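Numbering (the working numbering), first residue to last: 343 to 654.
By construction, the Cβ of each residue, glycine as well, lies at the ideal position given by its N, Cα and C atoms.
Predicted, not measured: the structure shown is a model, and the values here were computed from it.
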């Protein structure tokens, strides 16, 4: 048995803000993927994954009992496959902000959910919200709190625009310019991070008036502007807004930026060679970069690996 591939995702804009109803834009990232397999593999990674699937199944059983109206699974088949050695074979790095748990959740739903909503049907707003609710409940197992958007993006494998908690839709993003100088890139921090403690820290900060005001008056406004600019292809305006967003993150989200990157972050803002932002919850993993001149950015970030994911 080998299940279909589910891809990693990147939140281009909207991390943290989406918790508080800002816009968000997620895109699939096909460089990494994962699939359920049952091929007799007894490597340490396969056995560990199999063990994790057992624990996850117990959690799914609990959801099904408590919320039968939300989702039901063919638990008998799932347990049988796990007993026979099924595991999730994934190239998606964990703790890197590219949705490793999201791909697993999508794969389990695809294979074992009863009456599942499929990618082939007409995806109305109601169906998208239903999928998001199911995925949110499933992914809570990994993060303590989940919007459900990572698995949704992985499951549908199309860009998704979040207008608000109750208004999500597939998004058409502008075609890339092959060989364009401008680029969105990933920068490897070399540090693995955990989402749950960082989301917890954000929720604690949100109890402070000053932090709440900053999120509403700056973070959300610049995030929404970046999304509008990106979708409309307004590159000049996009970079103005990304610079502001990068500044706000450096000033107010320092614990989410690995300490060794504080200087590089500031250098980008000062020189305009590139601008950095969080990729997912931050704390490590990948950092997202935006530049109007990829060669300049590569020189300025010499010694660091840059993976270009989109060209302007």
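N-terminal and C-terminal residue of the beta strand (DSSP E) that residue i is part of
i           : result
residue 648 : 648-653
residue 431 : 429-432
residue 577 : Per DSSP, residue 577 belongs to no beta strand (DSSP E); it is in the alpha helix (DSSP H), 577-594.
residue 632 : 628-633
residue 515 : Unbroken run through residue 515: none, as it is neither H nor E.
residue 298 : In the structure as shown, the chain starts at 343 and stops at 654, and residue 298 therefore has no counterpart that could be examined.
residue 619 : 617-620
Helix, strand or coil at residue i according to DSSP, with G and I counted as helix
i           : result
residue 612 : helix
residue 350 : strand
residue 599 : coil
residue 656 : A question about residue 656 goes unanswered here, because the residues of the chain that appear run from 343 up to 654.
residue 460 : coil
residue 358 : coil
residue 438 : coil
residue 529 : strand
residue 446 : helix
residue 455 : strand
residue 606 : helix
residue 523 : coil
residue 502 : strand
residue 507 : coil
Extent of the continuous alpha helix (DSSP H) to which residue i belongs
i           : result
residue 539 : 537-547
residue 715 : One cannot answer for residue 715 here, as it falls past the ends of the chain, which runs 343 to 654.
residue 375 : First-last for residue 375: 366-379, but that is the beta strand (DSSP E), not the alpha helix (DSSP H).
residue 557 : Note, residue 557: premise wrong, no alpha helix (DSSP H); not H, not E.
residue 402 : 386-408
residue 412 : Residue 412 -> no alpha helix (DSSP H), and no H or E assigned at all.
residue 417 : 417-425
Residue i vs residue j beta-carbon contact at 8 Å
i           : j           : result
residue 445 : residue 434 : yes
residue 369 : residue 351 : yes
residue 717 : residue 540 : As shown, the chain starts at 343 and ends at 654. That puts residue 717 outside it, with no answer to give.
residue 525 : residue 652 : yes
residue 655 : residue 474 : Summary: the structure shown does not reach residue 655, with the chain confined to residues 343 through 654, and so no result is reported for it.
residue 360 : residue 504 : yes
residue 607 : residue 620 : no
residue 383 : residue 429 : yes
residue 402 : residue 480 : yes
residue 523 : residue 635 : yes
residue 476 : residue 420 : no
residue 365 : residue 557 : no
residue 377 : residue 348 : yes
residue 536 : residue 437 : yes
residue 527 : residue 577 : no
residue 483 : residue 398 : yes
residue 492 : residue 441 : yes
Residue i versus residue j: straight-line alpha-carbon distance, rounded
i           : j           : result
residue 451 : residue 613 : 46 Å
residue 379 : residue 395 : 12 Å
residue 564 : residue 583 : 6 Å
residue 393 : residue 534 : 21 Å
residue 461 : residue 497 : 8 Å
residue 424 : residue 432 : 16 Å
residue 529 : residue 594 : 21 Å
residue 520 : residue 650 : 12 Å
residue 573 : residue 647 : 27 Å
residue 562 : residue 552 : 14 Å
residue 406 : residue 417 : 10 Å
residue 560 : residue 638 : 28 Å
residue 367 : residue 502 : 6 Å
residue 426 : residue 603 : 45 Å
residue 500 : residue 610 : 30 Å
residue 543 : residue 355 : 20 Å
residue 409 : residue 581 : 45 Å
residue 549 : residue 362 : 12 Å
residue 640 : residue 478 : 37 Å
residue 605 : residue 468 : 45 Å
Interface flag, residue i vs chain C, CB-CB below 8 Å
i           : result
residue 526 : Of the protein chains in this structure there is only one, and it is not chain C.
Does the count of Cβ pairs from the region 620-636 and the region 502-509 closer than 8 Å reach three? no
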